[in-house]
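**Student:** Sharing a structure, written as structure tokens. Questions coming.
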Amino acid sequence: MSRQSTRLDVKKVNSELFTLTYGAIVSQLMKDYENVEDVNKQLDRMGYNIGVRMVEDFLARTNAGRCYDLRETADKIQYAFKMYLGITPALTNWSAAGDEFSLTFDTNPLTEFVELPDNYQNLKYSNILCGALRGSCEMVQMDISCWFVQDQLKGDLATELRIKFNKRLEDAIPAGED
Amino acid sequence: MSAEDVLFDMLHSEIVSYLVSKSAEDEDISILEHLGYSCGWRLIERITKELPRYKEELEILKFICTDFWSCVYKKQVDNLRTNHQGVYVLHDNEFRFFSKLSNGTQYLKSAPKYATFTCGLIRGALENFGISSIVTVEIIRMPSCKFHIQVLPSSS
């Protein structure tokens, strides 16, 4: 086969494929479960599984060392979003104690072609991100909670992901998910 | 392999493992194929809107093997064969979803799960070009695999 010059924008095709594939699995989950809460949970679980493996990839790529405070972690999370999803969320709304912050996105590649039907307002469409963050932080011995406070799909101006540091996990077997 | 590709690989394997755990042995494949189908269909809808129309079946297949494949699977299909009667065989000597799994026949039993999404992707892509087909996969030794495309006579 003769090699033709590629007329397609590889990066764009890839990100669209990713978006579409994610959309396809969300809609499959909506078919599989009757309850939207269960879909949220399943997305979170899938994200967790991805997160625990992705952190290895991240550490290998960046040579990142251990973080000594949450601000350092936040910078690394920001950088990870840039690497994996091509977006740079803003770090905002630090709590006074410095144990909570928000990631604010102007655009979210997961929701690029998405509109939520009115009756699915409880669906956390991008919940996989929460799971992925939780899973990857757990592998570096940080127990965090992560949830959406704003979502563009629900008419908010930006998408805001809140992250709360709970505790440092001790040098032991990382706690299982359940 | 770039970071974004890693992400897609991981999402793909999560989807496979979810669907396999969810459904009974013989069912899982069809849902995976369907997911691939809808992704392929939509993706082609988007990426070909600026491209000139293809006239021949072979040209479309070539497009799938070169441009489309190199976007999604980071390389072109290594070999495309046809009997000129609607049967095409795509050889990929290092299929992306297998390359991290095994080099040889270990895990061969679970290999089809990881190719089914792609079968659907090809079928969906072709469908949007107006070609109905049946796509099957043949894996003898990972990471290489062969996709068999049987074009169905058009109904119109």
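Residue numbers (UniProt numbering), protein chains in the order written: chain A, 1 to 178; chain B, 1 to 156.
For each residue, glycine too, the CB sits at the ideal point set by N, CA and C.
What residues match up with Asn79/B in a beta bridge as DSSP calls it?
**Tutor:** Position 79 of the second sequence, counted from the first residue, corresponds to residue 79/B. Looking at the DSSP assignment, Asn79/B forms a beta bridge with His91/B.
**Student:** Could you say which of Ser21/B, Ser38/B and Ser99/B lies nearest to Cys119/B if we only look at CA atoms?
**Tutor:** Reading the second sequence from its first residue, position 119 is the one you call residue 119/B. For Cys119/B, the nearest C-alpha among the options comes from Ser38/B.
**Student:** By the 9 Å beta-carbon criterion, what residues does the segment 92-119 of chain B contribute toward chain A?
**Tutor:** Cβ contacts with chain A: Phe117.
**Student:** Per DSSP, what kind of secondary structure is Ala90/A in: helix, strand or coil?
**Tutor:** Taking the first sequence and counting its residues from 1, the one referred to as residue 90/A is at position 90. Strand at Ala90/A.
**Student:** Going by C-alpha to C-alpha distance, which of Ile122/B, Ile134/B and Gln106/B sits closest to Val77/B?
**Tutor:** The count along the second sequence starts at 1 and reaches residue 77/B at position 77. Comparing Cα-Cα distances from Val77/B to each of Ile122/B, Ile134/B and Gln106/B, the minimum goes to Ile122/B.
**Student:** Would you please verify whether the beta carbon of Phe165/A is less than 8 Å from any beta carbon of chain B?
**Tutor:** Residue 165/A sits at position 165 when you count from the first residue of the first sequence. So no, Phe165/A is outside the interface.
**Student:** Between the C-alpha atoms of Tyr30/B and Met46/A, what's the straight-line distance to the nearest angstrom?
**Tutor:** Translated into the one-based positions of the second sequence, residue 30/B becomes position 30. Translated into the one-based positions of the first sequence, residue 46/A becomes position 46. Checking the sequence shown, residue 30/B turns out to be Ser, not Tyr. Computed Cα separation, rounded: 21 Å.
**Student:** Measuring only between beta-carbons, confirm whether Ile25/A sits less than 8 Å from chain B.
**Tutor:** Along the first sequence, one-based indexing puts residue 25/A at 25. It does; some Cβ of chain B falls within 8 Å.
**Student:** Are the beta-carbon atoms belonging to Met54/A and Ser145/A less than 8 Å from one another?
**Tutor:** For the purposes of this step, residue 54/A is taken as the residue at position 54 of the first sequence. For the purposes of this step, residue 145/A is taken as the residue at position 145 of the first sequence. Result no, Cβ atoms of Met54/A and Ser145/A do not sit closer than 8 Å.
**Student:** Give me the residue from Ser126/A, Leu103/A and Asp151/A with the minimum Cα distance to Ser27/A.
**Tutor:** For the purposes of this step, residue 27/A is taken as residue 27 along the first sequence, with counting starting at 1. The candidate whose alpha carbon is nearest that of Ser27/A is Ser126/A.
**Student:** Have a look at Tyr84/A and Ser133/B and give me their C-alpha separation to the nearest angstrom.
**Tutor:** Sequence index remark: in the first sequence, residue 84/A carries index 84 (1-based). Sequence index remark: in the second sequence, residue 133/B carries index 133 (1-based). So the two alpha carbons sit approximately 34 Å from each other.
**Student:** List, in chain order, every chain A residue whose beta-carbon is nearer than 8 Å to that of Phe8/B.
**Tutor:** Numbered from 1 along the second sequence, position 8 holds the residue referred to as residue 8/B. Ordered by position in chain A, the residues that pass the 8 Å Cβ test against Phe8/B are Asn14, Leu17, Phe18 and Thr21.
**Student:** Ignore the nearest five residues each way along the sequence and tell me which others in Asn40/A's own chain have a CB closer than 6 Å to its CB.
**Tutor:** Counting from 1 along the first sequence, the entry for residue 40/A is found at position 40. Once the five neighbours on either side are set aside, the close Cβ partners of Asn40/A are Lys124 and Asn127.
**Student:** DSSP three-state call for Ile140/B: helix, strand or coil?
**Tutor:** Against the second sequence, residue 140/B aligns to sequence position 140. Note: Ile140/B maps to coil in three-state DSSP.
**Student:** Between which two residues does the beta strand (DSSP E) harbouring Phe58/A extend?
**Tutor:** Your numbering for residue 58/A matches position 58 in the first sequence. Looking at the DSSP string, Phe58/A is not in any beta strand (DSSP E); the run it does join, the alpha helix (DSSP H), is Val36 to Thr62.
**Student:** Quick check on the burial criterion: 16 or more other C-beta atoms within 10 angstroms. Buried or exposed for Ala117/A?
**Tutor:** Residue mapping note: residue 117/A aligns to position 117 of the first sequence, counting from 1. Correcting the residue type first, residue 117/A is Pro in the shown sequence and not Ala. With fewer than 16 other Cβ atoms within 10 Å, it is exposed.
**Student:** In chain order, what are the residue ranges of uninterrupted alpha helix (DSSP H) at least 4 long that sit wholly in the segment 38-64 of chain B?
**Tutor:** 57-63
**Student:** Roughly how many angstroms separate the alpha carbons of Leu8/A and Asp67/B, rounded to a whole number?
**Tutor:** As a working note, residue 8/A is residue 8 in the first sequence. As a working note, residue 67/B is residue 67 in the second sequence. Answer to the nearest angstrom: the Cα atoms are 7 Å apart.
**Student:** Under 6 Å Cβ to Cβ from Met1/A, same chain only, skipping five residues before and after it: list those, please.
**Tutor:** What you label residue 1/A is simply residue 1 of the first sequence in a count that begins at 1. Confidence is the limiting factor: at Met1/A the pLDDT is only 44, short of 50, which leaves the residue's position unreliable, though a coordinate-based value still follows. If we look at Met1/A and ignore the five residues flanking it on each side, it has no Cβ neighbours.
**Student:** Does the beta carbon of Asn35/A come closer than 8 Å to any beta carbon on chain B?
**Tutor:** Start at 1 with the first residue of the first sequence, and residue 35/A comes out as number 35. Chain B contact via Cβ: absent.
**Student:** Whole angstroms is fine: what's the gap from Asn122/A's alpha carbon to Arg96/B's?
**Tutor:** Looking up residue 122/A in the first sequence gives position 122. Looking up residue 96/B in the second sequence gives position 96. Note on geometry: alpha-carbon atoms of Asn122/A and Arg96/B lie some 36 Å from one another.
**Student:** At what residues does the alpha helix (DSSP H) containing Lys124/A begin and finish?
**Tutor:** For the purposes of this step, residue 124/A is identified with residue 124 of the first sequence, where counting begins at 1. Counting along the chain, Lys124/A falls outside any alpha helix (DSSP H), and DSSP gives it neither H nor E.
**Student:** Got a sec, what are the start and stop residues for the alpha helix (DSSP H) Ile77/A sits in?
**Tutor:** For this step, residue 77/A is matched to residue 77 along the first sequence. Residues Leu70 to Leu85.
**Student:** Who are the near neighbours of Val6/B in its chain, counting only those whose CB is closer than 7 Å to its CB and skipping five residues on each side?
**Tutor:** Position 6 of the second sequence, counted from the start, is the residue given in the question as residue 6/B. The answer is none, since no qualifying residue turns up.
**Student:** Tell me the DSSP secondary structure of Asp113/A in three-state form.
**Tutor:** Translated into positions along the first sequence, residue 113/A becomes position 113. Note on identity: in this sequence residue 113/A is Phe, with Asp being the wrong assignment. Phe113/A falls in the coil class under three-state DSSP.
**Student:** Met142/A lies in the beta strand (DSSP E); which residues open and close that run?
**Tutor:** The residue given as residue 142/A occupies position 142 in the first sequence. Looking at the DSSP string, the run of the beta strand (DSSP E) that includes Met142/A is Met142 to Gln150.
**Student:** List, in chain order, every chain A residue whose beta-carbon is nearer than 8 Å to that of Val72/B.
**Tutor:** Taking the first residue of the second sequence as 1, we reach residue 72/B at position 72. Under a criterion of Cβ atoms nearer than 8 Å, the residues of chain A adjacent to Val72/B are, in order, Val13, Asn14 and Leu17.
**Student:** Give the straight-line distance between the Cα atoms of Asn63/A and Leu51/B, rounded to the nearest whole angstrom.
**Tutor:** Within the first sequence, the letter at position 63 stands for residue 63/A. Within the second sequence, the letter at position 51 stands for residue 51/B. Each residue's alpha carbon lies about 42 Å from the other.
**Student:** Are there three or more Cβ pairs, one per stretch, closer than 8 Å when the segment 89-105 of chain B is compared with the segment 15-27 of chain A?
**Tutor:** Touching, no, given that fewer than three Cβ pairs across the two stretches are closer than 8 Å.
**Student:** Can you tell me the Cβ-Cβ gap for Val52/A and Tyr120/A, rounded? I've got them flagged as a contact below 8 Å.
**Tutor:** Stepping through the first sequence from its first residue, residue 52/A is reached at position 52. Stepping through the first sequence from its first residue, residue 120/A is reached at position 120. Actually they are not in contact, since the Cβ atoms of Val52/A and Tyr120/A sit about 28 Å apart, beyond 8 Å.
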